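Counting from 21, one number per residue, gives the positions in the sequence shown under this note's numbering.
Just so it is clear, CB atoms sit at the ideal spot from N, CA and C, and this is done for glycine as well.
What you are looking at is a predicted structure, and each value in this text was computed from that prediction instead of being measured.
Below is one structure, written out as structure tokens; the observations come after it.
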Amino acid sequence: MRQPLPPWGIVALLALSGAACAHGRAVTPRPGTPDARAVPEDLTSRIVAQADAHLATGLAETAQGHLTKARESFDKAVDMYLTAPGGAYSDARRGDAYRRTLEEIHVRELEALAAGDGFTERQVEPASIDEVAAITVGDAPASEETRRTAEAAVAEEVNDFPVELNRAVLSCIDLYQGRLREWFAAALARGGRYVSRIREILASEGVPQDLAYVALVESAFKPAALSRAKARGVWQFIPSTGRRYGLQQDWWVDERSDPEKATRAAARYLKGLYELFGDWNLALAGYNAGEHKVLRGLTRYKAGSFWELAGTRALRRETRNYVPLIHAAIVVAKAPGKYGFDVTPEKLPAVESVSIEGAVDLRVLSECADTTLDQMQLLNPELRRLATPAGRTFLLKVPLGTGAAVADCVAALPPEKRVTFRTHAVARGQTLSTIGRRYGTSARNVADANGISLTKRLSVGMELIIPVEPKPGTVRRASTQSTPADQEAVRIRYRIKPGDTLTAIASQYGTTVRNLQSWNGLRGSRIAVGGTLTIYTKN
């Protein structure tokens, strides 16, 4: 029976194995040493099975945004091979499985690097309002069946908005049943998260509750919707109108994506438009085109209603389509069964709020709440980054019942895990522009990330957050100019040990994986046992 190697023997074997891995080939046993046939097959099977189980757990945690838990599981998978009798390459099958595991972990590490250090802006979605102008409305008369069904639906429903069933509206109802059916069904399901609360807010502001379905036409109830005109959120506020109605917008947060706050703002805006025009259809036209455009059209063409104005050249096609699409959405959304829709409304979980001081990575917070990153972003859609805002308190929504656990978890976070952002201490003579150039970003980005003006005078020692956007696949090779500008930085040579990863080494020395890659000319995350790394650190 084969005896385990002594500790020094394992280290030597791992060093050889790591070097071989770095070159993409396995070590061939020397003559006279045990070969693959000497390793019990059942032992290798058990090692591979247990390592694969840890790997699968790590991949599942990664999918949920739980990077710390994923790293722990990945380390366990690697340790299964490194601590096994004879090491990771004692037989060909074990070596192949080990390389496969390393490659899988390597890919996930690169994906995490590409996801950013908290500064990456969350992805946006196309806004349905961009397609309204392209829709053909009212060219052909609706069928008698469409009219009878719509009249029955309106008669049976309690409506607080005066729905009209003219040719344009009936044409839109046909569109929702036909070409736009799949889109409309998805929007109805998504609206289940928000419609009830939207109706409550509209009612409290004195606005017809049925206008909740304006948000369906605008965005299909997507908080992350962004139009070509830079309108954002379920109510599609452009930046200036959003600020006019109190929606905060900065580098960290955009309240236009907060369904509740944006609904409150939209209700006030619609109410003001109704007071201006005395007509809800004209108010809707003003919401889409701007009140001044509608006022000029009414004056020029002496029109007495939206439907008269829609027959002139005063309004763009988008606005002429917009109002009948809303009327039709109200009819179909309130009686979906009459139109053959069998939709299960999506629901938001019950929530509570936790005060978070400063910038904390949402991936860490999702682990604290024992939920997924996707769920955390769903509950807090106004957050533009993968983090809570720096320099202020943010009320984070978390699943009901997890608030205390999240507060305790955040309070116990060590400093190195609380934020993973790059910071810079201002030196004498530095400006926002010179600092931005140093890190490959703009003065405006640095100013916005720190909540300061472009003209602010920087004081020596002032600590700034530096928003460096990740660029996957473009890690630079090291050069003689890649050392930190900080004159207190000390260069050390680190010898790579079994089980080391760039992530663990970066955490140990208070730096980042990207820095290690830059200082050592690495394109990926693979490192070889026994090799050395250059690291710059402070005394």
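Restricting to Cα atoms, I'd like to know which of the options is closest to residue i.
i: residue 154; options: 143, 168, 200, 351; result: 200
i: residue 94; options: 474, 352, 75, 377; result: 75
i: residue 324; options: 337, 300, 347; result: 300
i: residue 206; options: 236, 232, 186; result: 236
i: residue 539; options: 554, 355, 269, 62; result: 554
i: residue 344; options: 96, 537, 81, 233; result: 233
i: residue 378; options: 298, 416, 454; result: 416
i: residue 274; options: 289, 548, 110, 256; result: 256
i: residue 277; options: 171, 159, 399; result: 399
i: residue 548; options: 89, 122, 193, 114; result: 122
i: residue 222; options: 279, 542, 246; result: 279
i: residue 89; options: 116, 384, 219, 186; result: 384
i: residue 422; options: 414, 159, 68, 388; result: 388
i: residue 65; options: 92, 434, 104; result: 104
i: residue 150; options: 309, 518, 171; result: 309
i: residue 304; options: 321, 352, 342, 362; result: 342
i: residue 476; options: 446, 382, 458, 83; result: 446
i: residue 266; options: 252, 284, 484; result: 284
i: residue 368; options: 203, 251, 217, 402; result: 217
i: residue 407; options: 376, 424, 428, 433; result: 376
Give the secondary structure of residue i by DSSP, where H, G and I count as helix, E and B as strand, and everything else as coil.
i: residue 227; result: coil
i: residue 505; result: Summary for residue 505: the model assigns pLDDT 45, below 50, so the residue's position carries little reliability, and this model does not support an answer.
i: residue 299; result: coil
i: residue 273; result: strand
i: residue 381; result: strand
i: residue 512; result: strand
i: residue 146; result: strand
i: residue 407; result: strand
i: residue 475; result: coil
i: residue 413; result: strand
i: residue 74; result: helix
i: residue 107; result: coil
i: residue 547; result: coil
i: residue 530; result: coil
i: residue 62; result: helix
i: residue 177; result: coil
i: residue 397; result: helix
Taking all protein chains shown into account, do 16 or more other C-beta atoms lie within 10 angstroms of the C-beta of residue i, making it buried, or fewer, making it exposed?
i: residue 230; result: buried
i: residue 242; result: buried
i: residue 512; result: exposed
i: residue 178; result: exposed
i: residue 182; result: exposed
i: residue 238; result: buried
i: residue 33; result: Note on residue 33: pLDDT 28, under 50, position unreliable in the model; the coordinate value appears next. Its Cβ being crowded by 16 or more others within 10 Å, residue 33 is buried.
i: residue 456; result: buried
i: residue 515; result: exposed
i: residue 347; result: buried
i: residue 523; result: buried
i: residue 281; result: buried
i: residue 145; result: exposed
i: residue 330; result: buried
i: residue 413; result: exposed
i: residue 86; result: buried
i: residue 519; result: exposed
i: residue 339; result: buried
i: residue 420; result: exposed
i: residue 161; result: exposed
i: residue 106; result: buried
Taking DSSP's pairing of strands, which residues face residue i in a bridge?
i: residue 418; result: 372
i: residue 169; result: Paired residue(s): none; residue 169 is not in a bridge.
i: residue 483; result: 445
i: residue 328; result: For residue 328, which the question treats as bridged, DSSP gives no partner whatsoever.
i: residue 554; result: 513
i: residue 246; result: 146, 252
i: residue 257; result: 252
Am I right that residue i and residue j are in contact with their C-beta atoms under 8 Å? What's the rounded C-beta distance?
i: residue 452; j: residue 467; result: 6 Å
i: residue 550; j: residue 366; result: Actually they are not in contact, since the Cβ atoms of residue 550 and residue 366 sit about 53 Å apart, beyond 8 Å.
i: residue 173; j: residue 358; result: 5 Å
i: residue 307; j: residue 293; result: 6 Å
i: residue 272; j: residue 404; result: 6 Å
i: residue 190; j: residue 167; result: 6 Å
i: residue 97; j: residue 71; result: 5 Å
i: residue 147; j: residue 245; result: 4 Å
i: residue 214; j: residue 254; result: 7 Å
i: residue 228; j: residue 180; result: 4 Å
i: residue 480; j: residue 448; result: 5 Å
i: residue 542; j: residue 526; result: In fact, because the Cβ distance is near 12 Å, the residues do not count as touching under 8 Å.
i: residue 287; j: residue 220; result: Not confirmed; about 10 Å, so no contact.
Given the structure, does residue i come close to the ligand ZN, in the sense that its CB is under 7 Å from one of the ligand's heavy atoms?
i: residue 226; result: Only the bare structure without any ligand can be found here, which leaves the ligand ZN out of the picture.
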